[in-house]
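Structure first, then comments.
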Amino acid sequence: MQKITFTINGHAETKEVDPRMTLLKFIREELHITGVKEGCGEGECGACTVIIDGKAVNSCLMLAVEADGCNITTVEGLQKNGELDILQKKFIEHNAVQCGFCSPGMLMSAKALLTKNSNPTEDEIKEAISGNICRCTGYKQIIEAIQAAAAASSLVARLRRKYGKHFCD
Amino acid sequence: MESTFVINESSADIADYTVVGKVTPRVDSLSKVTGAAKYVDDIQMQGTLFAKVLRSPHPHAEIVSIDMEEAKKIPGVRAVICGSDFPHNTGIYHVDQYIFAMEKVRYVGEPVAAVAADTEEAVDLALSLIKVKYKPLKANFDPQAGLKKGAPLVHPNLHKYYHVSAINPTPHTNIANHFKIRKGDPAEAFKKADYIIENRFHVPQIQHVPMETHGAIALTDQTGKITVWSSCQSPFTVRYLLSHCFQKKLRDIRVIAPIIGGGFGCKAGINIEPIVAALSTKCVGRPIKLMLTREEEMYTVVVRQACHIRIKSGVTKDGKIIAQENEYIWDCGAYASYGVNVVRAAGYSLCGPYNIDNLKGDSIGVYTNRPVGSAFRGFGMSEIHWGIEQQMDMIAHKLGMDPLELRQKNCLRPGSKNATSQLVDENTGNISKCLEDTAKHIDYNKPREKFRAVGIASAQKAPAMPNNATTSAVAKFNETGGIELMFSATEIGQGSHTAMAQIAAEELGISVDAVSVISWPDTDYTPYDWQTVASKLTYSCGNAVRMAARDAKNKIFTIASRAMEVPEEDLEIKNGIIYCKSNHSKKLSLPQVCMGYQYPDGHTIGGAVSGMGFFTPENCINCDPETGYSPKPVANWTFGAQAVDLSVDPRTGQITIHKVACVYDVGKVINPQCIEGQAYGGIVQGMGAGLMEELVLDEKTGKVLNPSFVDYKVPTAMDIPKEMVTSFIETAQLDGAFGARGIGEHTMIPTPAAIANAVYNATGVRIQTLPVTAEKVLKGLERLATEAQRHRE
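In the order they appear, the protein sequences are chains L and W. The first sequence stops at residue 171 when you use the working numbering, and every number in between is there. The second sequence stops at residue 795 when you use the working numbering, and every number in between is there.
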């Protein structure tokens with residue numbers, strides 16, 4: 003067993019972990035955070051995507067010990083103070099969810115994209131989620147949801163820049 | 003997003019509703035975007051044991067012996083079981099399968115034994131210590147060869163199996179089901195034809211690829227009751243079959259279906275549940291979880307059946323198809339599962355949405371030593387339309403006629419009779435208008451550059467279910483005038499729960515927000531539904547929900563009528579308020595009535611209101627076994643058409659899909675945004691089947707060679723068309739909830755054939771074997787170039 007210290011969804015934690023355990027299994031079965039899904043276990047489907055230090059990562063391809071010192075966000079960490087993230091709101095609004103199994107991973111890939119590129123093109127969105135397989139939606143409404151989230155966030159950012167503390171979203 | 007709704011004027015039940023026909027967010031989306039949604043693997047009960055299955059490495063072999071003694075000695079191992087521990091049969095249409103293989107194995111991946119233990123490591127070690135001796139038998143992987151005399155029999159005891167009456171096996175052969183259509187006099191009609199055009203087509207086995215693999219938890223308690231949590235589409239069918247399998251009363255089996263991460267048919271019927279249930283009976287009091295790996299998912303449960311198609315058409319010069327022979331030889335794989343009913347559905351849907359007076363049809367399901375064939379979105383329709391819709395184009399080209407015109411000339415219209423001689427009327431649905439609108443959306447007649455063209459294909463599908471398949475629902479009022487809505491449809495992504503909430507809200511005059519859908523079917527608590535299959539929910543469950551809501555509303559009116567001192571007929575509910583229709587100032591709010599009405603002095607009339615409803619389609623008649631005749635073989639038909647605009651790179655054969663348009667006659671759109679989601683999802687899944695998907699089997703070993711996402715590609719966001727356009731026609735289904743018919747499966751039916759037709763129109767290359775890969779297109783182009791060269795010389 004090896005001791006690791008990390009932050010997950012804003013909480014700092016220290017845990018003993020089997021060095022052979024994947025990060026996916028650790029999050030799901032040791033931390034009981036189950037929004038993260040296993041779809042293939044070999045880094046091909048993206049259902050297990052989490053954000054580690056700003057980057058979207060397949061948690062099935064990473065060992066838990068490698069997360070020592072890292073900041074991890076899962077879909078459960080997207081809400082802030084009980085309010086949904088703009089991506090979550092837009093996924094609901096645009097019917098970007100059907101069976102929902104890919105949704106947590108899809109949202110995390112989209113979140114990582116918008117964090118580094120607030121105004122992505124359609125092709126950039128497709129590329130960012132190309133490692134997340136969805137078998138239900140045909141992707142169209144997912145892409146529209148991400149575009150809408152980007153548009154809404156950049157509007158908010160513009161208004162915030164313009165009005166400073168006088169702006170309330 | 004472009005979308006239009008064409009209302010057929012003749013429709014009686016199409017009106018403007020408050021909730022039905024409007025966009026409303028999915029009732030399950032909040033839980034799915036927050037991580038709150040619990041799928042079966044997210045249920046983590048204390049003391050859960052791990053389970054895994056030992057599988058056959060042979061496609062066909064006698065089991066000589068199984069030695070499990072060493073495995074049982076491993077510390078932490080709680081149960082090691084094999085066929086002789088549970089010699090019970092199971093199967094949904096043919097009872098042809100044991101929980102674990104008994105005398106012999108019939109495909110690579112068939113369960114032979116299973117282990118449950120405290121840790122995954124102990125399970126793995128124990129599995130590796132089970133010694134199975136096999137004596138290999140000659141295997142057969144080709145259903146056509148399996149029909150020949152002397153072919154190895156996959157099920158020598160076929161004549162002894164119990165099967166449901168609609169299935170017609172041939173004893174002492176490999177034929178699991180044979181469905182016949184004999185309509186008119188095709189032999190005579192072929193003589194009158196100006197052209198006889200005969201072609202063969204092939205569809206390979208493909209995988210459903212639900213993002214959540216099959217998984218189940220079972221717990222046998224000290225009274226012997228078995229509770230199963232399963233990612234399944236059919237909780238009541240699972241309960242019924244488990245009770246047979248384990249010889250228990252229904253009350254001693256409970257099946258709970260949590261939220262399901264995609265099904266597409268592979269989670270219909272019964273699958274891995276008997277394995278976990280069997281293990282749990284040996285570990286009383288401990289939950290046992292079995293989650294399949296992606297590799298196991300690819301070939302050990304079920305796959306879409308392969309099909310060999312032969313179509314021979316007799317056509318007159320002016321483009322009327324006067325005779326046709328359709329032959330479908332299906333690869334059922336090692337067990338009949340759902341596949342034999344796909345064979346039946348292909349039979350009664352024989353020639354697609356066309357009016358052909360003289361037909362000879364044979365749909366034959368054959369056992370082989372391949373993975374088990376089963377239901378897949380479209381239930382045989384995508385497979386047969388791959389042949390039917392290319393044949394239409396090939397006829398048109400032979401005649402020098404436009405393929406769209408040929409379809410319009412031959413498609414079903416009021417007064418025509420379909421394959422089973424069922425009379426089509428003005429309420430059946432309008433395929434002609436679907437074709438017309440699809441052509442408009444794709445700009446059918448626009449000239450396009452070289453190597454770019456449009457292909458079109460039609461589709462028809464009916465719910466393939468037993469004629470007594472029934473559904474029920476309960477609507478319980480709560481204290482604030484909302485309802486808890488209970489039914490046993492499983493939410494596999496199709497949006498059923500949202501549609502049901504809208505239907506209930508519309509009927510009751512309340513908002514969707516006031517409807518709480520109890521979303522986990524539980525055979526101990528939620529009312530009966532046969533299964534979640536056949537695109538039947540909006541139609542069947544929708545009717546049951548509407549009836550339950552109406553029943554509750556009538557009870558509300560009974561109480562309110564006394565309280566308000568107005569006749570029941572003079573009452574209506576709008577926005578949660580009960581009004582006197584003739585005098586709107588007389589009103590009561592629902593909370594004042596739905597728990598009983600209390601007078602100022604305290605005395606109360608009525609009580610907590612709930613309503614019940616059920617639905618079974620009426621007057622569906624089994625097809626005649628010799629001719630296929632039935633005046634109404636199925637509950638309803640949904641027609642549609644799809645067109646693909648693509649270009650081909652002549653240097654590589656690579657296909658780029660620019661636009662896909664589709665139009666379906668769905669009766670009534672319940673939720674415009676959800677139905678668009680079904681259309682886009684179906685198109686892209688159809689593109690997967692059309693362009694890239696095929697389960698490849700090594701015929702030396704019987705092993706599937708591409709059981710992973712590395713080697714079995716499905717469409718990603720990078721593969722989708724640049725544009726997808728949908729619209730819907732609303733010819734009301736007279737017995738549908740608010741006029742609705744099913745749509746979930748239909749959207750992937752015509753895609754592969756439309757792609758193949760477009761590729762032909764763009765290049766002259768006709769691909770008759772799925773998938774339409776760049777390699778096949780390129781080879782075709784090279785062949786054409788060689789032929790042209792030879793012609794010049």
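Just so it is clear, CB atoms sit at the ideal spot from N, CA and C, and this is done for glycine as well.
Short of 7 Å in beta carbon distance, which residues of its chain neighbour residue i, apart from the five on each side in sequence? Order them along the chain.
i: residue 259/W; result: 232, 234, 237, 492, 522, 523
i: residue 12/W; result: In this prediction, residue 12/W scores a pLDDT of 41, lower than 50, which makes its location untrustworthy; the coordinate-derived value is nonetheless stated afterwards. 428, listed in sequence order.
i: residue 809/W; result: Limits of chain W in this structure are 3 at one end and 795 at the other, which puts residue 809/W out of reach.
i: residue 156/L; result: 120, 121
i: residue 251/W; result: 245
i: residue 45/L; result: 60, 62, 63
So what does DSSP say about residue i, is it helix, strand or coil?
i: residue 334/W; result: strand
i: residue 502/W; result: helix
i: residue 90/W; result: coil
i: residue 6/W; result: Confidence in residue 6/W is poor, its pLDDT being 42 and thus under 50, which makes the residue's placement unreliable; the coordinate value appears in the next sentence. It is a strand residue.
i: residue 192/W; result: helix
i: residue 674/W; result: helix
i: residue 276/W; result: helix
i: residue 185/W; result: strand
According to the Cβ coordinates, are residue i and residue j closer than 8 Å?
i: residue 646/W; j: residue 137/L; result: no
i: residue 42/L; j: residue 296/W; result: yes
i: residue 101/L; j: residue 264/W; result: yes
i: residue 368/W; j: residue 704/W; result: no
i: residue 640/W; j: residue 668/W; result: yes
i: residue 79/W; j: residue 42/W; result: no
i: residue 364/W; j: residue 391/W; result: no
i: residue 111/L; j: residue 58/L; result: yes
i: residue 530/W; j: residue 474/W; result: yes
i: residue 630/W; j: residue 325/W; result: no
i: residue 62/W; j: residue 171/W; result: no
i: residue 61/L; j: residue 38/L; result: yes
i: residue 415/W; j: residue 169/W; result: no
Do you know offhand how far residue i's Cα is from residue j's?
i: residue 465/W; j: residue 638/W; result: 7 Å
i: residue 51/W; j: residue 73/W; result: 16 Å
i: residue 431/W; j: residue 679/W; result: 21 Å
i: residue 257/W; j: residue 786/W; result: 58 Å
i: residue 160/W; j: residue 92/W; result: 14 Å
i: residue 423/W; j: residue 505/W; result: 33 Å
i: residue 128/L; j: residue 720/W; result: 6 Å
i: residue 158/L; j: residue 94/L; result: 19 Å
i: residue 163/L; j: residue 761/W; result: 52 Å
i: residue 482/W; j: residue 585/W; result: 24 Å
i: residue 399/W; j: residue 554/W; result: 58 Å
i: residue 166/L; j: residue 686/W; result: 44 Å
What residues in its chain sit with their C-beta under 6 Å from that of residue i, if we drop five residues either side in the sequence?
i: residue 674/W; result: 25
i: residue 576/W; result: 511
i: residue 196/W; result: 318, 319
i: residue 262/W; result: 233, 492, 494
i: residue 6/W; result: Legend: pLDDT at residue 6/W = 42, less than 50; position of this residue unreliable, value from coordinates given subsequently. These residues qualify, in order along the chain: 729.
Ignore the nearest five residues each way along the sequence and tell me which others in residue i's own chain have a CB closer than 8 Å to its CB.
i: residue 294/W; result: 215, 216, 217, 274, 302, 303
i: residue 104/W; result: 65, 85, 86, 89
Is residue i near the ligand PLP, going by C-beta to nearest heavy atom under 7 Å?
i: residue 163/W; result: This structure lacks the ligand PLP, and indeed carries no ligand of any kind.
Please decide whether residue i counts as near chain B, where near means a Cβ-Cβ distance under 8 Å.
i: residue 502/W; result: Protein chains in the displayed structure are L and W, and chain B is not among them.
Query raised in the report: In chain order, what residues of the segment 278-306 of chain W put their CB closer than 7 Å to some CB of chain L?
Result: Residues are counted here when their Cβ sits less than 7 Å from a Cβ of chain L; for the segment 278-306 of chain W these are 295, 296, given in chain order.
Requested in this report: Note down, in chain order, all residues in the segment 112-132 of chain L with a beta-carbon under 8 Å from any beta-carbon belonging to chain W.
Outcome: Of all residues in the segment 112-132 of chain L, 127, 128, 129, 131, 132 have a Cβ within less than 8 Å of some Cβ in chain W.
Requested in this report: Identify each residue in the segment 676-689 of chain W for which the Cβ-Cβ distance to at least one residue of chain L is less than 9 Å, and report them in chain order.
Outcome: Correct list: 676, 678, 679, 680, 681, 682, 683, 684, 685, 686, 687, 689.
Query raised in the report: Name the residues in the segment 7-22 of chain L whose C-beta lies less than 8 Å from a C-beta of chain W; which are they?
Result: Here the close residues number zero.
Query raised in the report: Which residues, taken in chain order from the segment 83-104 of chain L, show a beta carbon closer than 9 Å to some beta carbon of chain W?
Result: Flagged, chain order: 86, 87, 89, 90, 91, 93, 94, 95, 96, 97, 98, 99, 100, 101, 102, 103, 104.
Query - Contact set between the segment 49-67 of chain L and chain W, restricted to residues whose Cβ is under 9 Å from the partner - result: Going along the segment 49-67 of chain L in chain order, one finds 49 with a Cβ nearer than 9 Å to chain W.
Query raised in the report: What residues in the segment 135-150 of chain L have a beta carbon less than 9 Å from any beta carbon of chain W?
Result: Residues 135, 136, 137, 138, 139, 140, 141, 142, 143, 144, 145, 146.
**Report entry** Members of the segment 20-36 of chain W near chain L, C-beta cut-off 9 Å
**Finding:** Listed by position, the residues of the segment 20-36 of chain W near chain L (Cβ gap below 9 Å) are 25, 27, 28, 30, 31, 32, 33, 34, 35, 36.
Report task. Mind checking the segment 371-405 of chain W against chain L and listing, in chain order, the residues whose C-beta falls within less than 8 Å of any C-beta there? Result -> If the cut-off is 8 Å between Cβ atoms, the segment 371-405 of chain W has nothing near chain L.
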